[in-house]
Structures are given as C-alpha cells and as structure tokens.
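Numbering (my numbering), first residue to last: 86 to 283.
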C-alpha cells in the first residue's frame with residue numbers, strides 16, 4: 086500500500102478528484118497543484134547556480150588574468166583569493182546543480198507514476214466498445230513515450246525562466262566592460278538559436 090503522503094497518491098486521490106467535480110477538469114492543473122510546489126526548490130538552486138555562481142566565475146578569472154598581465158599593478162594575495170574564488174564557485178555550482186537534477190528526477194518519476202496509474206485505472210473501466218476509437222497501442226504509447234517527456238521537462242524546464250535572466254545579467258556585465266559592441270555578439274548568438282533546435 087502506498088503512503089498517503091506520497092505526491093503520486095495525492096494526485097490520484099485528492100487533486101484529480103477535485104478536478105472531476107469542476108465543469109472543465111484539467112489534468113495539467115491537477116499536476117501543477119500536486120508537483121508545482123516541489124519544483125520550486127530545484128528551480129531556486131538552478132537559478133542561484135546559473136545566474137550567480139556561473140556568472141561570478143569568469144569575473145574572478147578576469148581578475149586573475151589581470152594580475153598576470155600586469156603583476157606590478159595588482160596585489161599577489163588578492164589574485165590568489167580570486168583564483169580560490171574560481172575553484173570555489175565551480176565547486177559550489179556542481180554542489181547545487183546535482184541535487185537540483187536529482188530532486189527534479191524524483192519529482193518527474195512521481196508524476197509519471199501518478200499519470201500511468203490514472204491511465205491504467207481509466208483503461209480498466211473502459212467499455213469494450215471504447216477500444217474501437219482508442220487502441221491498446223495508443224495507451225501503451227502514452228505510458229511509455231509521452232509520459233517520459235516530463236522527465237526531460239523537469240530537468241531543463243527551469244531554463245525557460247533562468248536563461249533570459251542569465252542573458253540579461255551577462256549582457257549588462259559585458260556592456261560595462263566592452264560597451265555597446267556586446268550587442269553585436271548577442272545578435273550573432275541569437276542567430277545560432279534556430280540551428281541548435283534542428
């Protein structure tokens with residue numbers, strides 16, 4: 086017997102039951118109510134890692150390069166601290182990304198279990214005449230292929246919000262250092278987006 090506190094069981098018994106009482110029931114809404122709050126923690130970890138730590142790394146590296154370019158003008162101990170910052174930021178980024186990815190995978194697995202359970206129970210209640218429109222192959226395809234797409238979304242879905250924030254911060258820092266020419270580089274970068282999706 087499954088634990089009542091488990092989110093997969095809660096989607097099946099509580100949130101989906103509430104949706105069925107409404108005029109227009111939405112499976113997406115039930116899923117968001119159940120698993121949305123659990124995705125906040127990994128989202129915040131990814132946001133901190135990508136928009137904070139990953140952007141700080143080249144800044145620290147820039148200060149180290151400045152020291153080697155002009156050692157008389159910059160302090161050696163400060164350069165060592167910045168070099169330590171490069172290593173520390175890399176370590177922290179790995180330490181935040183991996184827990185976020187594992188947590189996201191766990192949530193995705195629970196959602197997949199909940200979806201497959203609901204589809205299986207629905208398939209058991211279908212009349213024999215309903216299989217003229219919906220074949221067993223379509224149900225199996227939903228359970229094996231389509232539901233697994235949620236795993237990919239849970240890991241990379243946060244970047245829909247994180248990537249624009251990271252771009253704005255990166256462009257602002259580039260603008261401080263090189264001026265308006267950074268926008269030319271950004272435009273070239275945007276030109277490559279369609280090729281990456283192919």
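A virtual CB, placed ideally from N, CA and C, is assigned to each residue, including glycine. Quick caveat: nothing in here was measured; it's all calculated off a predicted structure.
Asked, Found
"Three-pair Cβ contact test at 8 Å for the segment 236–253 versus the segment 124–140", "yes"
"Helix, strand or coil at residue 159 [DSSP, three-state]", "coil"
"Classification of residue 145 by the beta-carbon crowding that lies within 10 angstroms, buried from 16 upward", "buried"
"Alpha carbon of residue 175 to alpha carbon of residue 135, nearest angstrom", "11 Å"
"Test item: CB-CB of residue 186 and residue 235 under 7 Å", "no"
"Local conformation of residue 207 per DSSP, three classes", "helix"
"Whole-angstrom distance between residue 184 and residue 105, CA atom to CA atom", "35 Å"
"For residue 180, three-class secondary structure by DSSP", "helix"
"Residue 277 (DSSP reduced to helix, strand or coil)", "coil"
"Sub-7 Å separation of residue 228 and residue 201 beta-carbons", "yes"
"Residue 171 vs residue 142 beta-carbon contact at 7 Å", "yes"
"Neighbourhood of residue 133 by C-beta distance below 8 Å, restricted to the same chain and skipping five residues each side", "181"
"Close-in-space but distant-in-sequence residues of the same chain around residue 100 (CB under 7 Å, 5 per side omitted)", "115, 118, 119"
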